[in-house]
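Engineer: Protein sequence lines correspond, in order, to chains D and R. If you number the first sequence the way numbering that gives the first Met the number 0 does, the last residue is 183 and the count never jumps. If you number the second sequence the way numbering that gives the first Met the number 0 does, the last residue is 269 and the count never jumps. Note that beta-carbon positions come from the ideal geometry of N, C-alpha and C, so glycine has one too. Remember, it's a predicted structure, so these values are computed and weren't measured experimentally.
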Amino acid sequence: MNSTDFILAAGESVNPLLPNPWEILVTGVGFALLLFIVVKVIAPKFEQSYEDRVTAIEGGLEKAEAAQKEAEETLAQYKAQLLEARTEANRIREEARSEGAQILADLKTKAGDEAARITEQAHRQIDAERSAALASLRSDVGTLATELASKIVDEALQDDARAQRVVDKFLNDLEAQQNAGASN
Amino acid sequence: MIAFALPMASEEGGFVPPTVSDTHLPDLFPWMAEYGTGFGKQMLMIVLSIVLITWFFTAAIKNPKLVPGKMQFLAESGYAFVRNGIGRDIIGEKNFRPWIPLLFATFFFILLNNLFGAIPFLQLPSFSHAGSAYAMAIIIYGTWIAVGLKNHGIKFFKLMVMPSGVPGWIMPLMIPLEFISNFIVRPLTHSLRLMATMLAGHMIVMLAAAGARYLIVMQENLAMNGLGVLVIVGSVAMYFLELLIMVLQAFVFALLTAIYIQGAIEADAH
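Structural data, given as structure tokens:
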């Protein structure tokens, strides 16, 4: 028996290329079932999971970016505020300085004015008092002089009107003398 | 097949090499009288693979976390591999989304069924049986033509057999060639590539096992026994090679599926 016969014999018993109909049926139906499950359940779930992950990662990145941006904005804001505050402080200081100077000047003027006013008032008062004192002195001196004269010349010069005239004349003379002395 | 090349041994009552018949395990429900044609282990494995894929991927994504656990990570990596590595890269950003489930199901269905061949006790790649490979190829073939007709109408067939930019006088030659290549050979190669590699791998495992058993148990000669041990060591290396091929074939099948779909969508672009 040569080997070709064996090949033929083997081929006759089972040819590996000849399919068993059951295999085709089971494989075909089985694959269709598997495909159905994959289409309906497995693939959507995996795609969903993939999508979720992409969303989560992208969302996280976006969130981080937003946070970064916000932080930068806040920093810029703070810096601007700080600068503003500094400028403001400088301005206020400057203002206060000038205001202080103004106030000082005002006070100085006011004090000067007040001093002048007080001085004037004092002058006026002194004048008034001098006039009053002069008047009172004049009458007192007159009285004293009259009393003294009456004592000297006794009752001769009891007449008031006369005595007054004499005193006035004497004082006027005295004044005239004084004025003449002053003018000299 | 190696098994057929060693016929003489069986006549002498010595080494009986495993044959293709041995890849057909006894039927569980022999509704069909002929051996190897009923509902057998291979079909149970197909069902098992569907259950396992469904269970794994639904359990892994049941409570999706933003930071995935081990299982979710594994499942998502697998999904992303098919989605981006096969779907998006081949079909293109614009059109790939509706095809993710088909590519995903194709890849993992074939991958798991192939890996069954590397799992002890199961030890049978489902797609070493031609029927399963044909079924998958028919589904993809049908999908391919349907997509082409949907996108280009009946003109799709013309686009498929008449490549643009080819001078007119060569057309009589091109049309039959393109027809045979695209409409006849394509589904055959698509299925047989998978089936043949899986069957060959399976046969090698069987041959190594049977050979090693024969050399160790049946032979009195110590040198022969040692040779048997060497066969086992060699078969371990073959096992890892098979593992690689199993993954590779699943990838190739899904990749070709994507390429065919892309070709049908953009039939007028080449």
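How long is the line joining the alpha carbons of residue 168 of chain D and residue 117 of chain D, rounded to whole angstroms?
Structural biologist: Distance between the alpha carbons of residue 168 of chain D and residue 117 of chain D is about 39 Å.
Engineer: Residue 91 of chain D CB to nearest chain R CB: under 9 Å?
Structural biologist: no
Engineer: Near residue 48 of chain R, which residues of its chain fall below 6 Å by C-beta distance, leaving aside the five closest residues on each side in sequence?
Structural biologist: 111 and 112
Engineer: My parser needs the beta strand (DSSP E) runs of 3 or more residues fully inside the region 132-182 of chain D; what are they?
Structural biologist: none
Engineer: If we cut at 9 Å on Cβ distances, does residue 263 of chain R have a partner in chain D?
Structural biologist: no
Engineer: At a CB distance below 7 Å, what residues from the region 22-46 of chain D approach chain R? Give them in sequence order.
Structural biologist: For the region 22-46 of chain D, which is checked against every Cβ of chain R, the residues closer than 7 Å are 22, 23, 25, 26, 27, 29, 30, 32, 33, 34, 36, 37, 38, 40, 41, 42, 44 and 45.
Engineer: Name, going along the chain, the residues of the region 40-55 of chain R whose beta-carbon falls closer than 7 Å to a beta-carbon of chain D.
Structural biologist: 41, 42, 45, 46, 49, 52 and 53
Engineer: Could you tell me whether the region 116-129 of chain R touches the region 150-163 of chain R, using the rule of 3 or more Cβ pairs below 8 Å?
Structural biologist: no
Engineer: Whose Cβ in chain D lies nearer than 7 Å to the Cβ of residue 91 of chain R?
Structural biologist: Per Cβ cutoff of 7 Å: no residues; residue 91 of chain R is ~18 Å from chain D at best.
Engineer: How many angstroms separate the CA atom of residue 227 of chain R from the CA atom of residue 237 of chain R?
Structural biologist: 15 Å
Engineer: Quick one: list the residues of chain D neighbouring residue 240 of chain R, beta-carbon separation under 9 Å, in chain order.
Structural biologist: Within 9 Å Cβ-Cβ: nothing; residue 240 of chain R doesn't reach chain D, min ~21 Å.
Engineer: Considering only the beta carbon of each residue, do residue 248 of chain R and residue 192 of chain R sit closer than 9 Å?
Structural biologist: yes
Engineer: Are any of the Cβ atoms in chain R nearer than 9 Å to that of residue 74 of chain D?
Structural biologist: no
Engineer: Anyone know if the C-beta pair for residue 253 of chain R and residue 90 of chain R falls short of 9 Å?
Structural biologist: no
Engineer: Is it true that the region 170-186 of chain R meets the region 196-203 of chain R, where meeting means three or more beta-carbon pairs spaced less than 8 Å apart?
Structural biologist: The answer is no - the region 196-203 of chain R does not touch the region 170-186 of chain R, with fewer than three Cβ pairs under 8 Å.
Engineer: Can you list, in chain order, the residues of its chain with a C-beta nearer than 8 Å to that of residue 258 of chain R? Leave out the 5 residues immediately preceding and following it.
Structural biologist: Spatial neighbours of residue 258 of chain R in its own chain (CB-CB distance under 8 Å, excluding positions within 5 residues in sequence) are listed in chain order as 89.
Engineer: With H, G and I counted as helix, E and B as strand and the rest as coil, what does DSSP make of residue 116 of chain R?
Structural biologist: helix
Engineer: Are the C-beta atoms of residue 128 of chain R and some chain D residue less than 9 Å apart?
Structural biologist: yes
Engineer: Can you name the residues of chain R whose CB is closer than 7 Å to the CB of residue 16 of chain D?
Structural biologist: 129
Engineer: Just the C-alpha distance for residue 112 of chain D and residue 76 of chain D, rounded to the nearest angstrom, thanks.
Structural biologist: 52 Å
Engineer: Taking only runs of the beta strand (DSSP E) that begin and end inside the region 141-169 of chain R, which ones reach a length of at least 3 residues, in chain order?
Structural biologist: DSSP assignment within the region 141-169 of chain R yields no whole beta strand (DSSP E) run of 3 residues or more.
Engineer: Is residue 91 of chain R helix, strand or coil when you go by DSSP?
Structural biologist: coil
Engineer: What's the C-alpha gap between residue 85 of chain R and residue 263 of chain R?
Structural biologist: 16 Å
Engineer: Using the three-state DSSP reduction, which class does residue 337 of chain R fall into: helix, strand or coil?
Structural biologist: Examination of residue 337 of chain R is not possible in this model, given that chain R is present from 0 through 269 alone.
Engineer: Taking C-beta pairs closer than 8 Å, name the residues in chain D that residue 75 of chain R reaches, listed in chain order.
Structural biologist: 45, 48 and 49
Engineer: Looking at chain D, which residues of the region 94-107 of chain R have a Cβ within less than 7 Å of any of its Cβ atoms?
Structural biologist: 99, 100, 101, 103 and 104
Engineer: Going by the beta-carbon positions, is the gap between residue 18 of chain D and residue 128 of chain R smaller than 9 Å?
Structural biologist: yes
Engineer: Are any of the Cβ atoms in chain D nearer than 9 Å to that of residue 140 of chain R?
Structural biologist: Not one chain D Cβ lies under 9 Å of residue 140 of chain R.
Engineer: Tell me the residue span of the alpha helix (DSSP H) that contains residue 69 of chain R.
Structural biologist: Counted as a single uninterrupted DSSP element, the alpha helix (DSSP H) harbouring residue 69 of chain R occupies residues 69-79.
Engineer: Evaluate contact between the region 137-150 of chain R and the region 214-233 of chain R, counting only Cβ atoms and requiring at least three cross-stretch pairs below 8 Å.
Structural biologist: no
Engineer: Using 8 Å as the cut-off, can you tell me whether the region 71-83 of chain R makes contact with the region 91-103 of chain R, which would need three or more C-beta pairs spanning the two stretches below that distance?
Structural biologist: yes
Engineer: Could you please give the first and the last residue of the uninterrupted alpha helix (DSSP H) stretch that includes residue 272 of chain R?
Structural biologist: In the structure as shown, chain R begins at 0 and stops at 269. Residue 272 of chain R is therefore absent and cannot be evaluated.
Engineer: Classify residue 32 of chain R as buried or exposed, calling it buried when 16 or more other Cβ atoms lie within 10 Å of its own Cβ.
Structural biologist: At residue 32 of chain R the pLDDT is 40, less than 50, meaning the model places this residue with poor confidence; the figure from the coordinates comes in the next sentence. By the neighbour-count rule (16 or more Cβ atoms within 10 Å), residue 32 of chain R is not buried but exposed.
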